[in-house]
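Step one of this worksheet: look at the structure below.
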Amino acid sequence: MRDELMQLAHSYPKQKSIEVDWEKFSHSNEEQAIALLETPDDATRSAEEAVKRICQSLRPSEGKFEPHVRFYNLPLSSEVSVQFLGAEHLNKLSKVDGVIRWINQISPLMKTATWECVHCSTTMKTESDKANIKPPTLCKCGHRDFKLLEESSDFINVQKAQLQESVEKLRGNAPAADIELWMEDDLANTIVPGEKVVVSGILRLRQMRDKAGKRSGVYAKFLDVEHILKQEQEFEELHITKDEEKEILRLSKDPRLFEKIVQSIAPNISGYTEMKQAIALQLFGGTPGKVLPDGRKLRSDIHLLLIGDPGTAKSATLEYVSGLAPKSVYVSGASSSGVGLTASAEKEKDGEGWILKAGAMVLANGGLALIDEFDKMGDEDRGALHEAMEQQRISIAKAGIVTQFQSKTSVLAAANPKAGFFDPTTPIPMQFNIQPALLSRFDLIFAIRDELDEIKDRRIAGHILAGHKLAGEKAEPPKDSPLKPSIETDVLRKYIAYARRNHFPVLSNDAIAKIENFYVEMRRTGKGQGTVAVTPRHVEGCVRLSEASARMRLANVVESEDADRAIGLMDFFIRAVYTDKETGGLDSYMVSVGDTKKHQTQKMDRIKTVLNLVYELERDTDLVEKAALEARARELGIDSITAGKIIDDLKRGGDLYEPKAGFVKSARRKEQL
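In my numbering, the protein residues as written are 2 to 674.
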């Protein structure tokens with residue numbers, strides 16, 4: 002301890018605090034340690050006075066010296082869930098944990114107020130109680146009128162934040178409790194939204210004000226922070242006993258492991274095997290922390306998109322998975338803005354500062370974000386997800402605030418087709434109401450069709466009715482019932498957490514060869530059809546899926562069987578979504594560009610034709626009349642509406658300009674085409 006005191010004495014004010022482990026302190030000072038929990042204000046003040054006296058003799062110079070003593074590692078008896086912080090904890094030292102939801106900008110807080118008597122000019126000082134500044138009750142001259150001298154008062158920095166209960170402690174979309182934090186002096190500017198922390202602090206009350214600014218009878222609670230400990234982001238902080246670990250290891254040896262895990266995902270929903278297989282792999286995720294030699298970080302989280310007709314159990318699937326995933330945040334695209342999904346800088350209610358607020362992607366960092374009604378979001382809102390999904394970070398630059406949040410989050414999104422249902426005559430990607438750039442961020446897309454099939458319909462109806470019958474009778478499903486998960490939910494949750502925490506598989510040469518051959522063969526198929534069937538993105542998707550398969554087996558090497566599983570799902574997705582109904586070929590352009598390669602080629606040919614017509618007509622006239630240009634285009638098979646759109650596109654692109662109404666002129670020379 003002497004070394005720490007020496008460092009504090011010589012480093013102040015760069016270092017203003019000394020941290021004390023409560024557990025160690027209690028071994029030699031049990032009575033004082035208990036008093037610290039019950040009467041923290043008095044105990045902390047005494048500790049700080051003691052530190053001040055000791056350090057004064059060690060300090061190289063005179064001057065202001067106001068050190069803080071910050072206790073951490075409080076006993077289990079002081080640990081409280083955010084939702085249970087109440088009257089019994091007022092003015093006591095407690096320990097809570099959670100995620101920082103938002104922080105505001107630093108503000109000056111009057112720590113010691115200086116007052117001047119308006120009658121005799123005597124000055125007096127009072128201590129601020131954080132929420133209020135109170136003048137002295139009586140001057141020695143007998144008067145009670147005082148004037149506040151701000152320039153002679155002492156100020157420190159204060160910052161407010163909101164601590165939200167950790168999402169992994171919730172189930173499904175249950176609301177999360179929160180508490181306001183007040184951080185003073187050297188604790189200000191030490192945390193950012195999305196960080197997981199353990200906070201030691203004193204629960205206090207502050208009186209609220211009504212709309213007119215008058216004090217009301219309502220009080221708000223806040224935590225006066227004494228210490229903050231940042232926690233490493235974990236997928237799930239589940240306590241796994243030795244017996245449970247043995248059960249997990251035994252389960253990993255089951256030859257039907259993959260089948261059992263898949264069956265345990267939304268067993269109340271019949272069918273959709275491939276979709277459930279993909280979700281199972283998503284829960285395990287790829288190998289995190291991989292960095293290329295050039296410094297680029299590789300994404301390990303798997304993103305899935307479910308687009309289907311109404312009544313195909315998309316929302317029900319998301320809801321089930323939200324309760325199964327060890328860490329998840331469930332939101333609806335219809336009610337979430339882009340900043341609600343990512344992060345934002347917003348004006349405070351009083352209009353005097355800014356709040357940095359974390360959205361669902363940040364709060365689910367290290368887990369799973371489930372976004373229902375993805376198609377109901379606006380383009381701008383969905384655009385906010387681009388960086389969050391691929392770079393796995395969210396950048397904020399607003400009002401002089403420049404910062405980044407982590408969003409290492411898997412996304413499971415559900416949406417409806419553009420018209421509400423799929424049109425069997427139109428290519429599936431043409432029916433997605435989602436920007437191609439965002440679609441390409443998903444590793445797998447599942448188009449779920451509600452097709453008329455009597456055998457399938459009878460099976461689904463029987464499955465639903467069997468569930469209703471059991472629910473009505475309040476009976477447990479038989480052991481072999483498809484309604485009963487093969488692996489109990491709590492066991493599967495712990496199995497997933499154990500795999501993600503302990504296994505980080507690498508690719509074997511056999512797995513590399515399998516994925517490479519798949520990519521080359523698919524490219525060869527596309528070349529023969531005049532299309533691009535797959536891109537390098539699909540290779541990275543296969544790697545993530547195969548790593549997840551290996552983690553599911555609690556393996557540290559990705560084998561051929563894992564690559565086969567990943568390739569099977571990727572092939573299923575490509576053939577279901579990329580098939581061009583016009584040509585029968587596989588065309589990834591439909592997702593990455595938003596149109597088929599054939600149509601894109603035809604479009605480019607028409608653009609070149611119109612531009613060449615402009616060059617040709619410019620030989621005879623300086624300005625080309627748009628009507629004449631459209632007439633010549635019609636002769637070459639391009640209708641007037643299409644020609645007009647092409648002319649507008651060329652003007653926006655800078656190839657043409659309109660110096661006079663109804664006339665165009667080329668902006669570049671022909672050889673630049």
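Here a beta-carbon is modelled for each residue, glycine too, at the ideal position from N, C-alpha and C. Small disclaimer: the values here were computed from a predicted structure and weren't measured.
A direct Cα-to-Cα measurement between residue 230 and residue 200 gives close to 6 angstroms. Taken through DSSP and simplified to helix, strand or coil, residue 625 comes out as strand. The continuous stretches of alpha helix (DSSP H) do not include residue 660, which lies in the beta strand (DSSP E) extending over residues 657-661.
With respect to the C-alpha of residue 568, the residue from 442, 581, 541, 558 having the closest C-alpha is 541.
Selection 325, 109, 317 evaluated against residue 129 yields 109 as nearest (Cα-Cα). When the beta-carbon positions are compared, residue 119 and residue 148 come within less than 8 angstroms of each other.
For the pair residue 270 and residue 318, the CB atoms are nearer than the 8 angstroms cut-off. Across the set 133, 502, 202, the C-alpha of 502 shows the shortest separation from the C-alpha of residue 557. Distances from the alpha-carbon of residue 509 to those of 559, 244, 524 put 559 closest. Scanning the segment 500-564 for uninterrupted beta strand (DSSP E) segments of 3 residues or longer gives nothing; none is fully contained. Excluding the 5 residues flanking it on each side, residue 146 has same chain C-beta neighbours closer than 6 angstroms at 119, in chain order. Residue 146: not part of any alpha helix (DSSP H); DSSP gives it neither H nor E. When rounded, the separation of the alpha-carbon atoms in residue 606 and residue 616 is 15 angstroms. Burial check for residue 603: the Cβ neighbour count within 10 Å stays below 16, so the residue is exposed. Shortest Cα-Cα distance from residue 544 to any of 519, 555, 326 involves 519. Look at residue 241 here: in three-state DSSP terms it is coil, with no helix or strand label.
By the CB criterion at 8 angstroms, residue 286 and residue 265 fall outside the cutoff.
With 16 or more other Cβ atoms from the protein chains shown falling within 10 Å of its own Cβ, residue 366 counts as buried. In the structure shown, the three-state DSSP call for residue 361 is helix. Residue 305: member of the beta strand (DSSP E) spanning 305-309, first to last residue. Contact check for residue 166 against residue 179 passes: the beta carbons are separated by less than 8 angstroms. Around the beta carbon of residue 14, fewer than 16 other beta carbons lie within 10 angstroms, which makes this residue exposed. Annotation for residue 222: the continuous beta strand (DSSP E) segment containing it runs 216-232. By alpha-carbon distance to residue 221, the top candidate from 580, 275, 642, 88 is 88.
Residue 614 carries a helical assignment under DSSP once its states are collapsed to helix, strand and coil.
DSSP places residue 378 in the coil class of the three-state scheme, outside both helix and strand.
By a beta-carbon distance limit of 8 angstroms, residue 561 contacts residue 512. Their separation comes to about 6 angstroms.
When 4, 420, 133, 164 are compared, the shortest CA-CA separation from residue 83 is found for 164.
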